[in-house]
Amino acid sequence: MSQAILHSKPIIVKRMRYLMGGLIKIEVTGLPGCRALEAVEAAFAEIKRIEQLLSRFIPTSVVTLINQKADIRPVHVSDEVFDLLMACREISFLSGGVFDVTTLPLTNFWQQAEQTQAKPHVKEIEEVKSQVGFKQMILDAHLKTVFFIKPGMKIDLGAIGKGYAVDRAIYVLRQQGVRHGFVNGGSTIAVIGQAPFAVMHPLQPDKMVACINLSDNSLSTSGVYERFWSIKDSKYGHLIHPLTGYPVQTDLLSVSTVQETALLSDAFSTTAFILGEKKGVPFLKRVKSQKTVAVASHQLHPFVIIRTAN
């Protein structure tokens with residue numbers, strides 16, 4: 001292909017990268033070749049920036065700094081990070097505390113239990129649970145600082161980090177002139193323009209349970225295909241219920257929600273999955289889910305619940 005054609009002819013550009021713990025796919029259409037490639041590269045660079053900023057596994061990230069210092073003294077953060085933590089706090093209030101980014105001490109506790117193969121005692125769980133609670137994370141809007149009331153508190157932004165990164169990638173694509181495309185983070189997808197996406201059955205990956213037409217919005221799914229901890233003869237899901245201290249037990253196999261932003265769809269799908277069918281589906285209605293697809297299981301007979309905004 002000549003350079004002239006590459007510069008002038010609109011093409012479809014598809015690229016995949018391993019970022020934020022999984023494969024992320026970006027596709028754009030309608031731009032000349034070089035501009036499309038530049039847009040995609042800029043979007044991936046933004047996702048990489050967010051990963052470096054928010055990952056608790058990266059020693060230089062702001063989350064690592066917060067986890068190391070915020071139970072000793074207030075930690076100053078950027079406006080971007082502060083606004084993100086405020087958004088998490090608002091979602092925590094909306095969910096009645098079911099969504100909580102301060103559950104990392106419990107996650108670490110259950111992870112260690114798997115390594116030692118020792119089933120946790122109630123007193124141990126209660127002790128660790130005292131280090132968890134979004135109301136014990138003090139956010140000073142004037143000074144832009146984060147402070148933990150209880151020693152040992154830590155945060156994990158995994159429940160919204162990928163959603164936020166997808167939102168930022170979409171923003172960059174729009175700034176680059178993209179009018180049609182999508183960012184697919186696996187469990188979270190956001191589109192520019194319109195595109196159909198399938199919701200697959202969590203236990204039968206080749207079976208589609210719904211097809212959702214997205215239009216400048218985002219779809220996220222949480223489900224039983226997530227990771228598990230194995231302790232002796234028992235399996236525990238990796239999602240922790242912050243109010244009980246135990247891994248989540250739910251009657252939902254999966255739940256998907258469509259929201260205006262990927263951050264919200266990411267957070268709300270996780271929250272609804274934790275809440276279960278009776279509370280989770282009404283919760284999504286309350287937060288104005290544009291569409292809800294829940295796969296519930298009763299006595300091993302799955303059925304699908306589909307709700308629209310109307």
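Each residue of the sequence shown is one higher than the one before, starting from 1 at the first, in the numbering used here. Even for Gly, the Cβ is constructed at its ideal location relative to N, Cα and C.
7 Å Cβ cutoff met for ILE240 and VAL98: The residue labelled residue 240 in the question sits at position 240 within the sequence shown. The residue labelled residue 98 in the question sits at position 98 within the sequence shown. No.
In the structure shown, what three-state DSSP assignment does GLU46 receive? Along the sequence shown, one-based indexing puts residue 46 at 46. Note: GLU46 maps to helix in three-state DSSP.
Just reading off the beta strand (DSSP E) that LYS14 is part of, what are its end residues? For the purposes of this step, residue 14 is taken as residue 14 along the sequence shown, with counting starting at 1. Boundaries of the beta strand (DSSP E) harbouring LYS14: 10 to 19, taken from the DSSP string.
Alpha-carbon to alpha-carbon, GLY96 and THR64: The count along the sequence shown starts at 1 and reaches residue 64 at position 64. The count along the sequence shown starts at 1 and reaches residue 96 at position 96. So the two alpha carbons sit approximately 26 Å from each other.
Determine the direct distance from the alpha carbon of PRO32 to that of ASP329, and round the result to whole angstroms. Missing from the structure shown is residue 329; the chain here goes from 1 to 310 and no further.
Around the Cβ of SER234, are there at least 16 other Cβ atoms within 10 angstroms (buried) or fewer (exposed)? Against the sequence shown, residue 234 aligns to sequence position 234. When all chains shown are included, SER234 counts as exposed.
Quick check: the Cα distance between PHE44 and ARG89, rounded to an integer number of angstroms? Against the sequence shown, residue 44 aligns to sequence position 44. Against the sequence shown, residue 89 aligns to sequence position 89. PHE44 and ARG89 have their C-alpha atoms spaced approximately 28 Å apart.
Option nearest LEU94 by Cα separation, candidates SER187, GLU277, GLN111 and THR271: Here the question's residue 94 lines up with position 94 in the sequence shown. Selected option, being the one with the closest Cα: THR271.
Is the Cβ-Cβ distance between SER220 and SER265 less than 7 Å? Here residue 220 refers to the residue found at position 220 when the sequence shown is read from its first residue. Here residue 265 refers to the residue found at position 265 when the sequence shown is read from its first residue. In this structure, SER265 lies closer than 7 Å to SER220 by Cβ.
Using the beta-carbon count (16 or more within 10 Å), is VAL178 buried or exposed? In the sequence shown, counting from the first residue as 1, residue 178 sits at position 178. Residue environment: VAL178 is assigned as buried (16 or more neighbouring CB atoms within 10 Å of its CB, all protein chains considered).
Should the segment 44 to 55 be called in touch with the segment 6 to 26, which here means at least 3 C-beta pairs below 8 Å? Judged by Cβ distances under 8 Å, the segment 44 to 55 makes contact with the segment 6 to 26, as three or more pairs qualify.
In chain order, what residues of the same chain lie with their CB nearer than 8 Å to the CB of ALA4, ignoring the 5 residues before and after it? Locating residue 4 in the sequence shown gives position 4, where the first residue counts as 1. The predicted position of ALA4 is uncertain, since its pLDDT is 45 and thus under 50; a value taken from the coordinates is nonetheless stated next. Excluding positions up to five away in sequence, the list is empty.
Spatial neighbours of PRO196 within its chain, please: C-beta separation below 8 Å, excluding the five flanking residues on both sides. Counting from one through the sequence shown, the residue named residue 196 turns up at place 196. If we look at PRO196 and ignore the five residues flanking it on each side, its Cβ neighbours are CYS211, ILE212, ASN213 and LEU214.
Taking Cβ positions, are LYS129 and GLY237 nearer each other than 7 Å? By 1-based counting over the sequence shown, the position of residue 129 is 129. By 1-based counting over the sequence shown, the position of residue 237 is 237. 7 Å or more divides the Cβ of LYS129 from the Cβ of GLY237.
In chain order, each alpha helix (DSSP H) run of at least 4 residues that lies wholly inside the segment 164 to 244: The segment 164 to 244 contains no whole alpha helix (DSSP H) run of 4 or more residues.
Considering only heavy atoms of the ligand NAP, does any lie closer than 6 Å to the CB of ASP266? This structure simply doesn't include the ligand NAP, nor any ligand for that matter.
CA nearest to the CA of LYS34, picked from LYS25, VAL293, LEU23 and PRO10: Taking the first residue of the sequence shown as 1, we reach residue 34 at position 34. It should be pointed out that residue 34 corresponds to Cys in this sequence rather than to Lys. Nearest option by C-alpha distance: PRO10.
Look up ASP100 in the DSSP assignment and say whether it is helix, strand or coil. As a working note, residue 100 is residue 100 in the sequence shown. In this structure, ASP100 counts as coil in the three-state DSSP scheme.
Taking the straight line between their C-alpha atoms, what separation do you get for ARG307 and THR261? Here residue 307 is taken as the residue at index 307 of the sequence shown, counted from 1. Here residue 261 is taken as the residue at index 261 of the sequence shown, counted from 1. If I take the Cα positions, the gap works out to 18 Å.
Check whether the segment 65 to 73 and the segment 133 to 151 are in contact - that is, three or more C-beta pairs closer than 8 Å. The count of Cβ pairs closer than 8 Å, one atom from the segment 65 to 73 and one from the segment 133 to 151, reaches three, so the stretches are in contact.
With C-beta atoms as the reference, is SER254 less than 7 Å away from PRO202? Residue mapping note: residue 254 aligns to position 254 of the sequence shown, counting from 1. Residue mapping note: residue 202 aligns to position 202 of the sequence shown, counting from 1. In this structure, PRO202 lies closer than 7 Å to SER254 by Cβ.
Whole angstroms are fine: how far does the CA of ILE231 sit from the CA of ALA118? Locating residue 118 in the sequence shown gives position 118, counting from the first residue. Locating residue 231 in the sequence shown gives position 231, counting from the first residue. Straight-line Cα distance between these residues: approximately 7 Å.
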